[in-house]
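**Student:** Structure in structure tokens, see below.
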Amino acid sequence: MTVLYEDPHVVCDDDALTIKRYYFPVGSKRIPYSEIRRVDDTPMGWLTGKLRLWGMGPAPYWFHLDVERPGKERCIVIDRGGFVKIALTPADHEAVLTLLRERTR
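In this text, residue positions in the sequence shown follow the UniProt record's numbering: the first is 1, and each later residue adds one.
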């Protein structure tokens, strides 16, 4: 397994995305790229995730733990086909977005 990108929130390797601090109180979630149906770049507002440090708010997005999220403007939304989508706020938004789009085509 070759690590393509890693920061305090996510790890992207050859085969999958691993989201750190996804489950409470601690725990990672590994998602093979083949399970990802769609990747979107989504702006965050005060009511749409910017204040959400962990978990799910009114929108059906699950956010991993990120205490720096209020200072971020965008998130990456991952659709695996279910009602609840996964919202990521990696340290390098563009690098992870590009990598996910390349790996999920």
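Ideal Cβ placement from N, Cα and C applies to all residues, glycine included.
Please name the residue or residues paired with Tyr61 in a DSSP beta bridge.
**Tutor:** DSSP, once it has assigned bridges, lists Lys85 as partnering Tyr61.
**Student:** Please name the residue or residues paired with Ala6 in a DSSP beta bridge.
**Tutor:** Checking the displayed sequence, the identity of residue 6 turns out to be Glu instead of Ala. Paired residue(s): Val11.
**Student:** Look at the Cβ atom of His9, then the Cβ atom of Pro70, and state whether they are nearer than 8 Å.
**Tutor:** Result no, Cβ atoms of His9 and Pro70 do not sit closer than 8 Å.
**Student:** Using 10 angstroms around the beta-carbon of Arg105, count the other beta-carbons present and answer buried if the total reaches 16, otherwise exposed.
**Tutor:** It is exposed - the Cβ of Arg105 has fewer than 16 other Cβ atoms within 10 Å.
**Student:** Under the assumption that Leu53 contacts Val39 (Cβ atoms under 8 Å), give the Cβ distance between them as a whole number of angstroms.
**Tutor:** No, Leu53 and Val39 are not in contact; Cβ-Cβ is about 23 Å, not under 8 Å.
**Student:** Kindly indicate which three-state DSSP category Thr104 falls into: helix, strand or coil?
**Tutor:** In this structure, Thr104 counts as coil in the three-state DSSP scheme.
**Student:** When the Cα of Asp7 is compared with those of Ile19, Arg30, Asp15, Leu47, which residue comes out closest?
**Tutor:** Minimum Cα distance to Asp7 is reached at Ile19.
**Student:** To the nearest angstrom, how far is it from the Cα of Val11 to the Cα of Trp46?
**Tutor:** Straight-line Cα distance between these residues: approximately 27 Å.
**Student:** Closest to Thr98 by CA distance: which of Trp62, Asp41, Ile31 is it?
**Tutor:** Among Trp62, Asp41, Ile31, the Cα nearest to that of Thr98 is on Asp41.
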